[in-house]
Amino acid sequence: MIVIFVLSLLVLVPIGLQHFFTDGVSKNSQTNSQTSKEIVSNVAQLSNIDLCRAALNAPATDWVLHEYYRQHIAEAKRRGLSIEDCQRNLGMLPKSQEIQPALIQLTNNDLCRGALDGPGEKWDSGSTYQQYVAEAKRRNLSIQDCQRTLGLLRKRKKFSHKKAHGTRLRFQHQIIAWRSSARKI
47 MIVIFVLSLL
57 VLVPIGLQHF
67 FTDGVSKNSQ
77 TNSQTSKEIV
87 SNVAQLSNID
97 LCRAALNAPA
107 TDWVLHEYYR
117 QHIAEAKRRG
127 LSIEDCQRNL
137 GMLPKSQEIQ
147 PALIQLTNND
157 LCRGALDGPG
167 EKWDSGSTYQ
177 QYVAEAKRRN
187 LSIQDCQRTL
197 GLLRKRKKFS
207 HKKAHGTRLR
217 FQHQIIAWRS
227 SARKI
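First residue of the sequence shown: 47, per my numbering; consecutive thereafter.
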């Protein structure tokens, strides 16, 4: 019952109850033009948060469809606000969907510097650096990628059995030569 009352207030109050109590079409049209002028000036004075509250539908997933709020939506768009911006202003976006513009602009080198812990062995677990870790993962960077980017991961030489076998043979020949020279002495 309360929900119906609140919803009816949301619809009737913006339209203006004076329309239901006036007699004559000229009064209604005159009131409509005055009301729309007042709305436009009032809308321009709203904060982004109040503007977003008025311009988004109840679940805050899209612009509201009611004709009264067209000016709110137009003002929001004039200010460069998107639905996502309004959701963010109203605290309705999960933190994981919020990406700070500064992080997006970071190079992989700078991002990895913030995402890895002090020794550079794992992702930093400090709450301050979680946004860096999240952005690195969003870019599909692994810990090893970050280590490589920062020069912390040295390239390993491929192990060659041929070279190892050759080294072992040389070593064995040196031992044999040493033993034979030792016997002569």
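Ideal Cβ placement from N, Cα and C applies to all residues, glycine included.
Item, Value
"Reduced DSSP secondary structure (H/G/I, E/B, other) of L157", "helix"
"N135 at chain D interface by Cβ criterion, 8 Å", "The question asks about chain D, but that chain is absent: this structure has only one protein chain."
"Check whether I119 and W109 have beta carbons under 8 Å apart", "yes"
"Rounded Cβ spacing between A101 and C132 (contact assumed at less than 8 Å)", "6 Å"
"From D156, K123 and K168, residue whose alpha carbon lies closest to that of L196", "D156"
"Between the CA atoms of I150 and L198 - distance to the nearest angstrom", "23 Å"
"Straight-line Cα distance separating G166 from Q91", "50 Å"
"Nearest neighbour of L136, chosen from L97, Q177 and V89 [CA to CA]", "L97"
"Boundaries of the alpha helix (DSSP H) in which Y178 is found, first to last residue", "Q176 to R184"
"Bridge partners - L162, DSSP secondary structure assignment", "W169"
"Residues bridged to L102 [DSSP beta-bridge criterion]", "W109"
"Assigned secondary structure, L97 (DSSP; H/G/I helix, E/B strand, else coil)", "helix"
"Distance, S93 Cα to L127 Cα", "12 Å"
"Contacting residues, own chain, Cβ-Cβ under 7 Å from E121 (five flanking each side not counted)", "V89, A90 and L97"
"Assigned secondary structure, R116 (DSSP; H/G/I helix, E/B strand, else coil)", "helix"
"For L149, the three-state DSSP class (helix, strand or coil)", "helix"
"Beta-carbon spacing of C158, L187 below 8 Å", "yes"
"Straight-line gap, R194 to L162 (C-alpha atoms, nearest Å)", "12 Å"
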